[in-house]
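Presented below is the structure to which this report refers.
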Amino acid sequence: MIKAQSKLNDERLARRIGYQFKQAELLKLALTHRSVSHKQNYERLEFLGDSLLGMIIANYLFTAYPSENEGRLTRMRATLVRQEALGKIANDLKLSQSLILSTGELKSGGHHRESILADTVEAIIGAIYVDCADLTVLEPIVLKWYEPYLDHIEPTDQLKDPKSRLQEYLQARKKPLPVYEVVDIQGDAPNQHFKVECEIEGLPTMQGEGASRRFAEQAVAADILKLLEHKS
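Under the UniProt record's numbering, the first residue of the sequence shown carries the number 1, and numbering increases by one thereafter.
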């Protein structure tokens with residue numbers, strides 16, 4: 001019964017993604033967080049998917065906006081590939097229901113963490129490409145995900161990185177600046193994985209993860225901004 005339910009869930013996810021994997025293990029890998037396995041996780045696929053996504057979006061914008069200059073096209077692309085945008089795609093695909101996380105990560109709310117969801121979207125893009133090795137198959141799938149967001153693309157102040165936006169948010173309200181602290185480093189250079197805590201007066205301590213201290217700080221800053229925006 002459990003296997004049958006798992007297969008049903010995989011089929012539903014495949015329909016939402018819009019692609020049927022020939023190598024089912026690739027989709028499983030794309031959904032597997034580092035907390036489950038340091039070696040068998042989505043990070044390599046995420047690396048590939050990040051580059052593919054940038055190219056697909058750049059090609060779309062180049063074709064769809066023939067009168068825009070390079071600077072504006074760059075800002076429009078950044079708007080579409082930033083973490084917040086990928087988080088929306090992940091929610092549309094209901095990826096939180098399918099993430100493979102450790103018990104600890106699951107208890108800490110990792111299946112709803114925007115940074116993890118965004119990374120998983122990129123990993124799935126990488127997995128599709130590895131499975132089909134055909135950009136003409138991958139591109140329409142990705143653009144279908146983005147369809148609700150392509151009508152009105154306007155660069156916004158969210159092009160600033162999350163740490164900068166969080167600092168500006170707090171300064172504007174005359175509040176103390178955030179304090180970041182590395183609480184865990186796993187692996188050996190250059191394949192290290194960082195976990196960072198961020199403390200802000202009046203808020204619960206939150207954590208972020210990434211392949212560098214900077215990425216981990218950006219991840220936790222993005223989650224804090226989301227919390228603050230939800231409260232306001």
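Even for Gly, the Cβ is constructed at its ideal location relative to N, Cα and C. Just so it is clear, the structure is predicted and the values come from calculations on it, not from any experiment.
**Request:** Identify every residue that forms a DSSP beta bridge with Tyr129.
**Result:** Bridge partners of Tyr129: none, in fact.
**Prompt:** What residue range is occupied by the uninterrupted alpha helix (DSSP H) comprising Tyr60?
**Reply:** 43-64
**Asked** Residue range of the beta strand (DSSP E) that His193 falls in?
**Response** 193-199
**Message:** If we require 3 or more residues per run, which beta strand (DSSP E) segments fall completely within the UniProt domain "DRBM" (161-230)?
**Reply:** 179-186, 193-199, 206-210, all fully within the UniProt domain "DRBM" (161-230).
**Request:** May I have the straight-line CA-CA distance separating Ser164 from Arg12, to the nearest angstrom?
**Result:** 39 Å
**Asked** Do you know how far the Cα of Lys22 is from the Cα of His38?
**Response** 25 Å
**Of the listed residues Thr32, Arg214, Leu95, Leu53, nearest to Ser102 (C-alpha basis)** = Thr32
**Request:** Could you tell me the boundaries of the alpha helix (DSSP H) in which Arg72 lies?
**Result:** 70-81
**Message:** With the cut-off set at 8 Å, would you say Thr120 and Leu138 are in Cβ contact?
**Reply:** no
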